[in-house]
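Each residue of the sequence shown is one higher than the last, beginning at 92 in the numbering used here.
Ideal Cβ positions, reconstructed from N, Cα and C, are used throughout, including at glycine.
Step one of this worksheet: look at the structure below.
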Amino acid sequence: MTQTVPGRPPEPPLTDPCAGREPAGERLHAAADAAGPALDVFLSGRVFMDMIFTGLPGLPPPGTEIVTDGLGSAPGGAANIAVAMSRLGLRVGLAAPFGDDLFGSYLWRTLAEQEGVDLALSRRVPGWPTPVTVSMAYDSDRSMVTYARPLPAAVDESMGAAPPAARACFVDVDRPVPAWAPAMRDRGALVFADLGWDPTGAWSTEVLDRLAHVDVFLPNAAEAMAYTRTATPEEAARALSARVPVVVVKRGGDGAIALDARTGERAETGALPVQALDATGAGDVFAAGFVFATLAGLPLAERLRFANLCAGLSVRHRSGSLGSPCWGEIAAFGESGEVPESVLADYAFVVPFIPAAADDTVVRAEPTLRHQA
């Protein structure tokens, strides 16, 4: 229990909330080449301070105020997927700039100490304010407002310039693919990619040309249809499969579709039937599950189901990255009776991956802002 000291705020310890992550990683790596790279996945990007309001009946009209009892804070941006992958036992390296303010200190410490993300290639940037996103979750969806200042050019160009060896990497193709990604691919790494919403509404097809450097593409349905000028997620998936070996179109509450252009395989799954509290970061958690299942060598249908399981568990909690599931929660869910046995039967393949350390006592990270000494 945290003890308060007169004149000083309490400082909770940053303990690992996922007891099963290391055993799960060891089990995954036992099947891989023991002499392989030290990291499973490398990525670079911006880390945001996410402030998440939940329980809202809607957005406040101009000149009004809404009071809610749901608030969380957590690392966001590139941290969403980095944390989600690390919690599953993947060894994750992240190259990111961090502000030298209070938020930057919190984000660095949470990622490095609590979540086990390797920040060897990340940097603290003097005088640069940490980007902040306020997310307002309501009606199983959310709206967001972001504050971010340009990064000094010299720092921006250095992020990920010399990446470490890894089995895979993750990039966003809504901006040019960094030079290190094709270089990693040439050395045998799988390149996974996602992209964000286009605020300009242009949906330039130039973005799709970047898929030439990608092995697995994981857009959501709205983005996929907009970029391909198609009317359904299925049509968008088929159009994208002509450009990338594996495409997964995430359909939110309707599940997901996956196509493997190399084998001709198709897989589809519905969303996990759970009560959604906060969808923030669910797409990143889905992607993390798909990366894990791919590196574990699972068939396409099982890769899709595992990603679906991870995303479904994450939306039951507040606060984006710190709502991503640990193996203990995955184990507990199977025993909870929350969904019918007929649904759980489709996820039986997950059981051999659950480490003994992942018991049904789920310990979650506290999604709150902590004082830094």
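Check, Outcome
"Only counting the same chain, and skipping five residues up and downstream in sequence, which positions put a Cβ closer than 7 angstroms to that of H304?", "V268, A272, P273, R276, V282"
"Enumerate in chain order the residues of its own chain whose CB-to-CB distance from M142 is below 6 angstroms, with the five nearest sequence positions on each side excluded.", "S164, V225"
"If you compare alpha carbons, which of L363, E297, G414 is closest to F466?", "What the structure shows of the chain is the stretch from 92 to 464, and residue 466 is not part of that stretch, so it cannot be assessed."
"In whole angstroms, what is the alpha-carbon distance linking E314 and V340?", "9 angstroms"
"Could you tell me the distance, in whole angstroms, from the CA atom of L242 to the CA atom of A169?", "15 angstroms"
"Using only the alpha-carbon positions, how far apart do F144 and T159 sit?", "7 angstroms"
"Between which two residues does the beta strand (DSSP E) containing E356 stretch?", "356 to 360"
"The alpha helix (DSSP H) that contains V225, what's its start and end?", "No alpha helix (DSSP H) contains V225, which is instead part of the beta strand (DSSP E) from 223 to 229."
"If you draw a straight line from the C-alpha of E420 to the C-alpha of L404, how long is it?", "8 angstroms"
"So, at 7 angstroms on beta carbons, what are the nonlocal neighbours of V96 in its own chain, with the 5 sequence-adjacent residues on each side left out?", "Low confidence applies here, because V96 scores a pLDDT of 49, under 50, leaving its location unreliable; read the following figure in that light. If we look at V96 and ignore the five residues flanking it on each side, it has no Cβ neighbours."
"When DSSP labels each residue in this structure, what does V337 get in the three-state scheme?", "strand"
"Within 8 angstroms, do at least three Cβ pairs link the stretch 131 to 142 to the stretch 217 to 224?", "yes"
"Is P310 closer than 8 angstroms to L286 when the C-beta atoms are compared?", "yes"
"Going by CA-CA distance only, name the one from P151, F189, L198 that's closest to S412.", "L198"
"Leaving out five residues before and five after A330 in sequence, what residues of the same chain have Cβ atoms less than 7 angstroms from its Cβ?", "T319, T321"
"Taking 8 angstroms as the cut-off, decide whether the C-beta atoms of A328 and L350 are in contact.", "yes"
"Considering only C-alpha positions, which residue in the set I172, S177, P188, N171 is nearest to E113?", "S177"
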